[in-house]
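Sequence lines, in order, name chains U and P. For the first sequence, counting from 1, position 69 maps to 69 in this note's numbering; every step adds exactly one. So the mapping is simple: this note's numbering equals the position in the second sequence, first residue as 1, plus 1000. Virtual Cβ for every residue (Gly too), placed ideally from N, Cα, C. Please read all numbers here as calculations on a predicted model, not as lab measurements.
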Amino acid sequence: LWLTAADAPAPDSQTAIILGVIGLLTAVLVAVVTGVFMLLSARANRTEPAPPASTPNASADLVFRDYVVGELAVNRKRDDDNDERDDLQDHELRDQREVLDEHHQRLLRLEQDRGWLQ
Amino acid sequence: VSVTHLPRRCSGEEEALLNLVLKLRRLDWDRIAVGIVAVMHLWLAFTLVFAPRVQVLTQGSRPAFDLFPPERWAVWLALGGIAATALAVRVTAVRQVLAWFVVAPAQTVWLAASVLAVTQGGGSAIGVVLWSVLLAFTALTAIRLAIAYASGKR
């Protein structure tokens, strides 16, 4: 069943040239498409320049700033609470003074009445 | 008042279907496609080497063998299969370029040879269809892989 060299037909050079050109054109096409994708890939992977690295001093300053801001907020809240407490105490003190005044007035009236009686 | 919506309880069939879909979505279909291309080329090389000459040298394949003898075609297709296998194992830019530089010209030459044979009155019209489908499948796979690679998804 195997064809001998004499049985095999002679190669057609024109066909070989056509197929060779087609193969080369395909290789060129692959090269062009590869170039396009490399270009797109390079553009997609382009990133912004990195920001300057933060120094240890700047980091410590930021920590201190956060600490100061936090302490300030806590103290403001405490001030507000103290003001409310002062208002309440003033109000209570005013009420007690009024009660005391009433008692004092009543005492004076009692003394006057007793003077009248005596 | 807080209102909580509890997920609806799936039936056994629904859960099995969802698990199957999840597994299919996890598969890397691009690499599987490259693997199919690799197997095709290795199989073609094996056939060219080990099949009887009378079954290899047909009217449809004669134009391709006018360009190169079967042994050289077997080497070329084996190289394409090996390059595609390497690409399926790990996707890199160099492996993509190498694989498609070997595979694409071989496929177009074989498709053109089939077309020439058919236009010259011999050959196999089915062969033209099969080579066209293989070339389209390879091109689609290459473009999908290149887009995924260029966009950074891979």
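Exercise. DSSP on P/S1114, reduced to helix/strand/coil?
Worked result: One-based indexing of the second sequence puts residue 1114 of chain P at position 114. Helix at P/S1114.
For this session: Determine the direct distance from the alpha carbon of U/A73 to that of U/R65, and round the result to whole angstroms.
Result: By 1-based counting over the first sequence, the position of residue 65 of chain U is 65. By 1-based counting over the first sequence, the position of residue 73 of chain U is 73. Per the coordinates, the alpha-carbon of U/R65 lies some 12 Å from the alpha-carbon of U/A73.
For this session: Starting from the N-terminal side, write out each stretch of the alpha helix (DSSP H) that is 4 residues or longer and does not extend beyond the region 1082–1127 of chain P.
Result: For the region 1082–1127 of chain P, whole alpha helix (DSSP H) runs of length 4 or above, ordered along the chain, are 1093–1119.
For this session: Put P/A1051 into one of helix, strand or coil per three-state DSSP.
Result: In the second sequence, residue 1051 of chain P corresponds to position 51, counting from 1. The three-state secondary structure of P/A1051, taken from DSSP, is coil.
Exercise. Does the separation of the CB atoms of P/V1109 and U/L24 fall below 7 Å?
Worked result: Locating residue 1109 of chain P in the second sequence gives position 109, where the first residue counts as 1. Locating residue 24 of chain U in the first sequence gives position 24, where the first residue counts as 1. The answer is no: Cβ separation not under 7 Å.
Exercise. Ends of the alpha helix (DSSP H) at P/F1065?
Worked result: Stepping through the second sequence from its first residue, residue 1065 of chain P is reached at position 65. Run containing P/F1065: 1062–1067, per the alpha helix (DSSP H) assignment.
For this session: Answer yes or no: do P/V1133 and P/A1088 have a C-beta to C-beta separation smaller than 7 Å?
Result: Counting from 1 along the second sequence, the entry for residue 1133 of chain P is found at position 133. Counting from 1 along the second sequence, the entry for residue 1088 of chain P is found at position 88. Cβ distance not < 7 Å, so P/V1133 and P/A1088 don't count as in contact.
Exercise. For U/L72, which of helix, strand or coil comes out of DSSP?
Worked result: Working through the first sequence from its first residue, we reach residue 72 of chain U at position 72. Note: U/L72 maps to helix in three-state DSSP.
For this session: Taking only beta-carbon positions, decide if P/W1073 is within less than 7 Å of chain U.
Result: The residue labelled residue 1073 of chain P in the question sits at position 73 within the second sequence. P/W1073 does not count as touching chain U.
Problem set entry | Selection from P/V1102, P/A1125, P/A1117, P/V1128 that minimises the alpha carbon distance to P/A1142 | Along the second sequence, read from residue 1 onward, the residue named residue 1142 of chain P stands at position 142. Of P/V1102, P/A1125, P/A1117, P/V1128, the smallest CA-CA separation from P/A1142 is found for P/V1102.
Exercise. On the three-state DSSP scale, how would you describe P/R1009?
Worked result: Looking up residue 1009 of chain P in the second sequence gives position 9. Reduced to three states, the DSSP call for P/R1009 is coil.
For this session: Mind listing the chain P neighbours of U/G23? Cutoff is C-beta to C-beta under 7 Å, in chain order.
Result: Numbered from its first residue, the first sequence carries residue 23 of chain U at position 23. P1105, T1108, V1109, listed in chain order.
Exercise. Which bits of chain P does U/G20 rub up against, with CB to CB less than 7 Å?
Worked result: Along the first sequence, one-based indexing puts residue 20 of chain U at 20. Going along chain P in sequence order, the residues near U/G20 (Cβ under 7 Å) are L1067.
Exercise. If the cut is a Cβ gap below 7 Å, which residues of chain P does U/A27 touch?
Worked result: Position 27 of the first sequence, counting from 1, holds the residue named residue 27 of chain U. Correct list: F1101, P1105.
Problem set entry | Any chain P beta carbon closer than 7 Å to U/V121 | Summary: the structure shown does not reach residue 121 of chain U, with chain U confined to residues 1 through 118, and so no result is reported for it.
Exercise. What residues of chain U sit near P/A1156, judged by a beta carbon separation below 9 Å?
Worked result: Any property of residue 1156 of chain P remains undetermined from this structure, which presents chain P solely from 1001 to 1154.
Exercise. Since P/A1074 contacts P/V1049 with CB under 8 Å, what's their CB separation in whole angstroms?
Worked result: For the purposes of this step, residue 1074 of chain P is identified with residue 74 of the second sequence, where counting begins at 1. For the purposes of this step, residue 1049 of chain P is identified with residue 49 of the second sequence, where counting begins at 1. Indeed they touch by this definition, with Cβ atoms about 5 Å apart.
Exercise. Among the residues of its own chain, which have a CB less than 8 Å from the CB of P/F1068, if the five just before and after it don't count?
Worked result: Reading the second sequence from its first residue, position 68 is the one you call residue 1068 of chain P. Spatial neighbours of P/F1068 in its own chain (CB-CB distance under 8 Å, excluding positions within 5 residues in sequence) are listed in chain order as W1076.
Problem set entry | Segment contact flag, the region 1054–1065 of chain P with the region 1105–1125 of chain P, C-beta cutoff 8 Å, min 3 pairs | They touch, by the three-pair rule.
Exercise. Does the distance from the CB of P/L1135 to the CB of P/L1098 come in under 7 Å?
Worked result: As a first step, residue 1135 of chain P is located in the second sequence; it is residue number 135 there, counting from the start. As a first step, residue 1098 of chain P is located in the second sequence; it is residue number 98 there, counting from the start. No, Cβ-Cβ distance for P/L1135 and P/L1098 is not below 7 Å.
For this session: Can you tell me which of the three DSSP states U/L108 falls into?
Result: Taking the first residue of the first sequence as position 1, residue 108 of chain U is located at position 108. Residue state, collapsed to three classes: helix.
Exercise. Can you find a C-beta in chain U that's less than 7 Å from the C-beta of P/P1063?
Worked result: For the purposes of this step, residue 1063 of chain P is taken as the residue at position 63 of the second sequence. It does: the Cβ of P/P1063 has a partner Cβ on chain U nearer than 7 Å.
For this session: Please name the residue, chosen from P/N1019, P/F1046, P/R1009, P/T1085, that lies closest to P/E1071 on a Cα-to-Cα basis.
Result: In the second sequence, counting from the first residue as 1, residue 1071 of chain P sits at position 71. Considering only alpha carbons, the answer is P/F1046.
Exercise. Shortest alpha-carbon distance to P/A1086 belongs to which of P/D1066, P/G1127, P/I1032, P/F1137?
Worked result: Taking the second sequence and counting its residues from 1, the one referred to as residue 1086 of chain P is at position 86. Ranked by Cα distance from P/A1086, the options P/D1066, P/G1127, P/I1032, P/F1137 are led by P/I1032.
Exercise. To which residues of the same chain is P/Q1107 closer than 8 Å at the C-beta, ignoring the five residues directly before and after it?
Worked result: Indexing the second sequence from 1 puts residue 1107 of chain P at position 107. Around P/Q1107: W1131, L1134, L1135, T1138.
Exercise. Which class does U/G35 belong to by DSSP, given the choice of helix, strand or coil?
Worked result: Along the first sequence, one-based indexing puts residue 35 of chain U at 35. Helix, per DSSP.
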